[in-house]
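The structure appears right after this line, and notes come after that.
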Amino acid sequence: MGIFQNVVLRTLKRKIRELSGEKMPFIAGHKLLYSCNLRCSMCPFWRREDGKLLTLEEERKMMDSLVDLGVSYMGFEGGEPFLRRDLPEILRLSHSRFHTSLVTNGWMLKEKLNSVKDYLDYLFVSLDGVGETHDRLRGVRGSFSKAREGIEAASKVIPVSINSTITSENSSEAGMIVDLAEQLNVHVSFQIAYNYSAAEKMSPSAVTLKETIMKLLEMKKHGAPIVDSREYFESILSSWYNGVGWKCKPWLTINIDPQGRAVLPCYVLNEYTGSEKVWETDLRKTWNSMDWKVYENCNRCALSCYLEPSLFSWRNPGMVKERIIDNIASYVKI
Ligand code: SF4
Ligand code: SF4
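Just so it is clear: in the sequence shown, position 94 is 211 by the numbering used here, and no numbers are missing.
Okay, here's the thing in structure tokens:
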């Protein structure tokens, strides 16, 4: 049975369980390692020790547990995933089970593209500015041109999105990043910098962030290739500026650290110190013994991996088109 049918069947199974009140994640994010070749000032991860990473067999066990749980989308990140020599094998295992995406800083992308291109449904390449701004924020000269070369090569064979974090240092370049995405014929997705305790505090000021979000919303309305939903930007404005919060559902996303442990309730509140390895625990039981209600009104971060699924509604035709129909179309194309 093809991956598309598998994902549809898993989604139906999860929906049936949800009818009886169970909570199940359908998106997984997995940090393959913390090590990175770049040194972004707002990033807490490259500062951490990796510890013993999962073997390929452990990665497979982890993925099988996630299939049982009903996960349909798997996103790999780091650190820099291309630093793992077994990345192609890990992606191959994932691609036969899930819709598979990867976040990379793009440094090694052009050189390693052929080894991963057949196992990826979507690729995110992080860019935090154009030219010198990106190099300064990433802490390594030449990182912009390497990422750009990688995007140009990858976008010929895989759907690609630029992934950009809005900080106090680059908010004025958000429009330039959208222009760059248009020029390179790729999408662009934005995150708002979160002030982790273990990294430089770089969230934009309230006034600057509001202006930047309004500008991006306007560009999206005029057809700019911005992946974030209109509701994503509008929810941030409503909550952080008008006191009308969104209902956070962190249980829809499971994050797994480099040791294979689920990070609960979400990686912002936990800042990545997981507990048990996912294949050695009863995830359904863990998920349904959590008191998720206490996080509903948190509204502390605007990480799209949590906020976008929290906002999704079958009653919103625009979201159903962007998130479901366009995704099905991409499977059918494959
Ligand atoms: S490229 Fe990514 S993982 Fe590496 S330091 Fe920057 S934000 Fe962190
Ligand atoms: S708003 Fe962010 S920090 Fe708060 S529970 Fe949701 S995902 Fe976690």
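All C-beta atoms, glycine included, are put in the ideal place defined by N, C-alpha and C.
At the level of alpha carbons, what is the spacing between residue i and residue j?
i: L354; j: S218; result: 28 Å
i: V305; j: D408; result: 35 Å
i: D296; j: S346; result: 18 Å
i: Y311; j: G256; result: 18 Å
i: G192; j: C383; result: 15 Å
i: T398; j: F162; result: 25 Å
i: L129; j: P142; result: 13 Å
i: S289; j: T325; result: 9 Å
i: I144; j: R134; result: 16 Å
i: L204; j: E328; result: 39 Å
i: L200; j: N280; result: 19 Å
i: V124; j: E269; result: 30 Å
i: Y151; j: R164; result: 8 Å
i: E286; j: S352; result: 23 Å
i: A316; j: I330; result: 24 Å
Who are the Cβ neighbours of residue i in its own chain at under 6 Å, not counting the five residues just before and after it?
i: N154; result: E197, W224
i: P276; result: Y239
i: E206; result: L173
i: N222; result: L155, E197, S243
i: Q122; result: none
Can you check whether the CB of residue j is closer than 9 Å to the CB of residue i?
i: K471; j: A291; result: Within the shown structure, residues of the chain are numbered from 118 to 451, placing residue 471 beyond reach of any answer.
i: E194; j: W396; result: no
i: N405; j: K140; result: yes
i: W419; j: Y313; result: Per the sequence presented here, residue 419 reads as Ala, with Trp not at that position. Not closer than 9 Å, so no.
i: V274; j: L230; result: yes
i: V247; j: V220; result: no
i: L136; j: L149; result: no
i: R209; j: Y190; result: no
i: K364; j: N433; result: no
i: L381; j: L186; result: no
Report all residues from its chain with a CB closer than 8 Å to the CB of residue i; omit the five preceding and five following residues, and keep chain order.
i: G168; result: P375, Q376
i: T284; result: M159, D245, L254, A310, M319, S320, P321
i: A323; result: W357, Y358
i: K63; result: Any answer about residue 63 is impossible in this case: the structure gives the chain only from 118 up to 451.
i: E299; result: A341, P342
i: R258; result: D252
i: Q308; result: N280, S281, T282, I283, A419, L420, S421
Less than 7 Å between C-beta atoms, sequence neighbours within five positions excluded: which residues of the same chain meet that for residue i?
i: V344; result: S278, H304, V305, S306
i: R94; result: The requested residue 94 does not occur in the structure, where the chain is confined to residues 118 to 451.
i: V361; result: S355
i: H487; result: Residue 487 is absent from the structure shown; the chain starts at 118 and stops at 451.
i: S393; result: It is worth fixing the name first, because residue 393 is Glu in this sequence and not Ser. So the list reads R378, once near-sequence residues are dropped.
Three Cβ pairs or more, each shorter than 8 Å: is that satisfied between the segment 173-184 and the segment 204-215?
yes
Three or more C-beta pairs closer than 8 Å, one from the segment 419-431 and one from the segment 359-374: is that the case here?
Three or more pairs of CB atoms, one per stretch, sit closer than 8 Å, so the segment 419-431 contacts the segment 359-374.
Measuring CB atoms only, is the segment 372-384 touching the segment 336-355, in the sense that at least three cross pairs come out at less than 8 Å?
no
Which runs of the alpha helix (DSSP H), 4 residues or longer, sit entirely within the segment 132-212?
173-186, 204-212
Suppose only complete runs of 3+ residues qualify. What are the beta strand (DSSP E) ranges in the segment 273-334, listed by chain order?
277-283, 304-309
Can you check the segment 363-399 for any beta strand (DSSP E) of at least 3 residues that lies completely inside it and give the ranges in chain order?
370-373
Which whole runs of the beta strand (DSSP E) in the segment 216-256 are 3 residues long or more, in chain order?
Secondary structure remark: continuous beta strand (DSSP E) runs of at least 3 residues inside the segment 216-256, in chain order: 216-221, 239-243.
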